[in-house]
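Protein chains in written order, with the numbering used here: chain A, 1 to 770; chain B, 771 to 1035; chain C, 1036 to 1192. Step one of this worksheet: look at the structure below.
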Amino acid sequence: MTWVGQRVARKEDLPLVTGTGMYVSDIDLPGTLEVAFVRSPHAHARITHIDTAEARAAEGVVAVFTGPDIRGRVRPMVLDQEAAPPGLETAEPEIHPATIEILADGEVRHVGQAVAAVVAGSRYHAEDAAELVRVGYDELPAAVDPEAQNNPIVFDNVPHNVQARYRIRAGDADAAFASAPHRLSMTVRSQRVTAAPMETRGVLASTVGEETNVWSSTQIPWWVRNAIAGSLGIPQRLVRVQIPHMGGGFGLKVNVYPEEVLVTFISRVLKRPVRWVEDRVEHLIASGHARDQLHHVEAAFEADGRISAVRDRFVLDSGVACPYPLSSAYNVASHFRSMYAIPNFAIDGECVLTHKMFNLPYRGAGRPEAAFVMDRVMNAVAQALDLDPADVIRRNLIPDEAQPWSMRMPYRDGHEVVYDARGFPAAFERLLELIGYQEHRRAGKPNRGIGFGSYVEGTGVGPFESGQLQLDSEGRVVVYSGCAPHGQGLETTMSQVVADAFGITPEAVVFKAGDTALMPFGAGTFASRSAVTAGAAAIEASNRLLRRIKAIAGEIMEMAPEDLEVAEGMVRARGVPTRGVTLKDVFRASSPGPGARLPDGFGAGTIETFYWVPPTVTWGFGVVGAVVEVDRETGVVKLEKLVMLHDCGRVINPLIVEGQVEGGLMQGVGATLYEHVVYDAAGQPRATTFLDYLLPTSAEVPEIVQESLEGPPSERNPLGVKGVGESGPIAPPAAIANAIVDALRPLRVQLNELPLSPPVVLAAIELARA
Amino acid sequence: MKPAPFEYHAPTEVAEAVRLLASYGEDARPLAGGQSLVPLLNLRLARPKAIVDLNRIESLAYHRLEGDVLVVGALCRQRDLERDRSVLERCAAVADAVPLIGHLGIRNRGTVVGSLAHADPAAEWPVLAMLFDAILVAVGPGGRREIPAARFFQGAFSTALDPGELLVEARFPLPPPSAGTAFVEVARRHGDFALGAAAAVVDGDDVRLALGGFDSVPLRVAPDPDAAPAAVHPVDDIHAPAAYRRKLAGALAKRALDLARERAR
Amino acid sequence: MNEVEVTLQVNGEQRSARCEPRVTLADFLRGPLGLTGTHLGCEHGVCGACTVLIDGASARSCLTLAVQAAGHEVTTIEGLGTPENPHPLMRAFSEMHGLQCGFCTPGFIVSAYEYLRDNPRPDREAMRRDLSGNICRCTGYVKIFAAVERAAELMSG
């Protein structure tokens, strides 16, 4: 019996269900000051003056900081964390570093940009005083449509506002187009959305002497620490970043934000604990937005629907910065062709700057945008040829005989995209069966439709992850990890992995993560990577610690380490269970000093650290079917059912995988039917509360059926796992759009722009009737 | 998102509440359920000098059927009606509408009269008020005043109440039990404000239609679905363009009338 | 600053603190009373993370002024159960994996508590509508329904 594979209830739940958790806004450090920001009401403007005198004198106010106040003491962040790695040369990437200012100094570049910070005894007083800060603005023209000609320049170091671009050429798309019997072209848009975790951002910094402790709701604590230190010009060892309980992230918290830097700075200046908790309006305006891609795509295809070539040109509206140009944008290219054997592919992608909030990878990070294009194209090909979309999909699927399939292009880590996922045709047939496709076609019920989407996702990306295993003074097994759990149950899954290695229960494993004081290096939790990378680091460190433990125990017991086994807190002679020492004994024996019992070649201590670097990503995959009913008079879509089959290699905890899939599917539903971060022509955000930014509620949940494909273990990491965190949101937009198209037959409807709100669906119906 | 400072009063009698409201002129807001006002306070979109909390005025917590008239006091919560089978069975349109108002937690605190006084163009109760020719009873420095619904709603979030006047009661003359009534709406999500709503009465020759969410005020219009699109003047907003709302008016008008007709005995 | 003394029953205990009239019940619970289990997700009454019971009826504490609760009974998540003695709903949410990040969970459990009190034999279709006042971004709700059903089992048997 192993713990890996079991539906273990989570260890981390008790504080969360009893309301005794400690999120950043719950931490009670006496004397904590609270911050409110003055934020730009304009998309683009010169700041002519800032007068903070009245604000400084207001009740409860301790300090006010503006851009000029911090000039020279706090540097803007220049983000070049996604320089192209070796191996990506064929993509001809051009990437300019993104600049993120801490406080605007002379110019504001998006609505919501922080202009001043007011520090007071309570948030109530800070907000009162923020209203008293007088800022003069000269409005400037704003770049709003990334495809417009002659947009004002957002940052001088980014020519033509193109912060990044790349191109991929696989096979010979031009030749395929020239000789193809059929072609089509479409414009496909994935709208701007935002991850909207239930907990907004927040950061608390507390300074004692020259050291500052920072608690931040972040998915990347080490990068936050490094960026803060860099921006403040201080050694990294003077800043410790820890994650408290976190209320979700989904990629929105994978960035170093100005507030994290500034709050740390303020704490160091005032020598007091200082906290900023983002409110929801700030969040919807000034936390990272996502997706926002416009694709111009063409397909060349045969009479039977086999697609011989795809050409795609797209623009990603980056807002004022694209901190990760190789994530969302380049993921589009490497995930575009999904499960399909399309040998000829040309794609040109650009990250273009505008005067809006910056654009971050959000759960899926380019894969949903790409899948929406590819699976809408697939459906449009079927429509053009009057073929059943299921047949067209079948004809394009990569057969098992052709595996392992190479896309003949590099992944963003520089390695060639070669799938270690197979079984696409069988998965699709199983989906058709589960969703009752034959019955649906036979019944021909009007206004009811079924549609499909698919994904093959690269998971477990680098650069690395860290794991440290040690025995504590009581002989307990302690795991320190570089991951940053924020809801995905990593404490439980990592404990299951380590429990198997040490022959103990997951409850007995002590787990701590996301604290820069634990280890010198750590990466974080994003990109469906932690089960793979944190798991690999943990198991490698575990194996090394086990070797060390056996060596030391062997020294104590005068036995060969190979003859020993570790289980239940003991080291025993194999076959002689009465002979053994406790792990506490081993800890004692390894402690430095003249009494240490250490074999040759072993230094003191029972602690092993491992930094695991993946060989490349490992590919999970899945197929999704949606069943809808459409009201042709109102355009209202009732989503009845979602069926998803998924393969994520070896599964550590099926309960957690199910939860990730269900949650991800509903985020996909939200992006398909309800959510939209709207900017008007002046660059003003229009969906600034939850009354306008519409998250799905329990009433919008369809029947969800999921089935694990029980795929073989991955060969690209020691645990054989594949990531699954981002799988849910990738396919629903295409599946639902295609289902609506099916429901509206015999009208030939095109639905290529999200969200598919009732007005959009009704307009598509009317266009098809005309 | 914290409210700006205000003075706070919690009177125990209507007369005291009216006196307090009048003393602040336009600078005080009455607070009942708070489900509409407090979000505005939190967002600092409303910054009254004073809040007059009505929740201690127990004499306002009532609802009853007086013959054919549904009478609702200012502290009658949405939930009080939702739980009252006698009301739900007496009027299908009310039974249709109340569960669509927000969510349970909102209906526990939110009030019927508060919804009318708030006059959100996309809210449910203003539509029902127009459908049933409700009488809104206000008490002010000048005494008690009965305002017909058709004159009460003057614009988005704007009513005929004078400064210092407090809406204390709403009276809905219901059609006879043999009549059919219906309320239908289309909302983006369950519980949201409607993209559009329609409510109808069919009682022999007395056929009525009211529409909400299409204009700045709820409307009584001719009970003709084909005429409905031209009878409304919607504007574009981020949830729907005006052209969509016009079509929706026609579709919902037909559904409300058909349902009411079906229910008529 | 025009502070007032607010006295109320919280989780069966009389509590008292001073605050300005504009302070919301949510901030009053979390701040002066130290009960941080009630969370703020939006402060405009949509997400339900701040849900408490006021005189036994669920309410958004971000839309209630602390002064309004004076003299009333408020129940927060901390009043339903503790780590030493968790409520069956708390156990069921963990057992069925009805939470991931946990931020919406206290509000959901309070809403579900009221729901089960009024509907001891829950119906999933009705639950979809009746729990729609609490938003979860992590779970997709499916396992929340399962948790409420499981809690009903635990509480009836």
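Heads up, the beta-carbon is just placed ideally off N, CA and C, and yes, glycines get one too.
A direct Cα-to-Cα measurement between G668 of chain A and D51 of chain A gives close to 45 Å.
At a cut-off of 7 Å between beta carbons, P1067 of chain C makes no contact with chain B. For S1093 of chain C, there is no enclosing alpha helix (DSSP H); the residue is part of the beta strand (DSSP E) that begins and ends at 1092-1095. One finds nothing in chain A with a Cβ atom closer than 8 Å to the Cβ of Q1044 of chain C; even the nearest lies about 18 Å away. Beta-bridge pairing by DSSP links W3 of chain A to no other residue. Cα atoms of E894 of chain B and A1127 of chain C: separation of roughly 37 Å, rounded to the nearest angstrom.
Of all residues in the segment 956-972 of chain B, only V956, R958, R959, H960, G961, D962, F963, L965 come within less than 8 Å of chain A when Cβ atoms are compared, listed by chain position. Around the beta-carbon of M1 of chain A, fewer than 16 other beta-carbon atoms lie within 10 Å, marking it exposed. In the DSSP annotation of this structure, the continuous segment of the beta strand (DSSP E) that includes V297 of chain A starts and ends at 289-301.
Shown in chain order are the members of the segment 1159-1186 of chain C whose Cβ falls below 7 Å from a Cβ of chain B: R1164, D1165, S1167, G1168. Setting aside the 5 residues that flank it on each side, R311 of chain A is surrounded in the same chain by A173, E298, A346, each with a C-beta closer than 6 Å to its C-beta; the list follows chain order.
In the DSSP secondary-structure assignment, P943 of chain B is bridged to B:V839. Residues of the same chain with a CB within less than 7 Å of the CB of R879 of chain B, apart from the 5 flanking positions on each side, are G803, G804, Q805, R847 in chain order. In terms of beta-carbon proximity, A1092 of chain C lines the interface with chain B, with at least one pair separated by less than 7 Å. With contacts defined by Cβ atoms closer than 7 Å, A9 of chain A and S1129 of chain C form a contacting pair. For I821 of chain B, not one C-beta of chain A is nearer than 7 Å to its own C-beta. If only uninterrupted beta strand (DSSP E) runs of at least 3 residues are considered, those enclosed by the segment 1039-1107 of chain C are 1039-1045, 1048-1054, 1086-1089, 1092-1095. Close partners of P1011 of chain B in chain A (Cβ separation under 9 Å): P759, A763. Beta-carbon to beta-carbon, T582 of chain A and G475 of chain A are separated by about 5 Å, close enough to satisfy the 8 Å threshold. Under the DSSP assignment, R1016 of chain B falls in the alpha helix (DSSP H) whose first and last residues are 1012-1033. For the pair of segments examined, the segment 388-396 of chain A was found to touch the segment 440-455 of chain A: the number of CB pairs separated by less than 8 Å reaches three. DSSP, read as helix, strand or coil, puts K356 of chain A in coil.
In terms of beta-carbon proximity, H1107 of chain C stays away from the interface with chain B, with every pair separated by 7 Å or more.
Judged by DSSP in its simplified three-state form, H486 of chain A adopts coil rather than helix or strand. Of the other Cβ atoms in all chains shown, fewer than 16 fall within 10 Å of the Cβ of L815 of chain B; this residue is therefore exposed. Taken through DSSP and simplified to helix, strand or coil, Y1148 of chain C comes out as helix.
Its chain contains I307, S308, A309, V310, N396 as the residues whose beta carbon lies nearer than 8 Å to that of I342 of chain A, once the 5 sequence neighbours on both sides are disregarded; these appear in chain order.
Think of a sphere of 7 Å around the beta carbon of Q1103 of chain C: the chain B residues whose beta carbon falls inside it are D823, N825, in chain order. Rounded to whole angstroms, K11 of chain A and M771 of chain B show a C-alpha spacing of 34 Å. Counted as a single uninterrupted DSSP element, the stretch harbouring P577 of chain A is not any alpha helix (DSSP H) but the beta strand (DSSP E) occupying residues 576-582. Closer than 7 Å to the CB of T1073 of chain C there is not a single CB belonging to chain B.
Under a 10 Å Cβ-count criterion, S542 of chain A is classified as buried, with 16 or more other Cβ atoms of the shown protein chains found around its own Cβ.
Assigned with DSSP and collapsed to three states, M374 of chain A falls in helix. Chain-ordered, the chain C residues with CB closer than 7 Å to the CB of P809 of chain B read H1079, G1080, L1098. Within the segment 874-912 of chain B, the runs of beta strand (DSSP E) at least 3 residues long that lie entirely inside it are, in chain order, 905-910. Annotated three-state conformation of I228 of chain A is helix, per DSSP.
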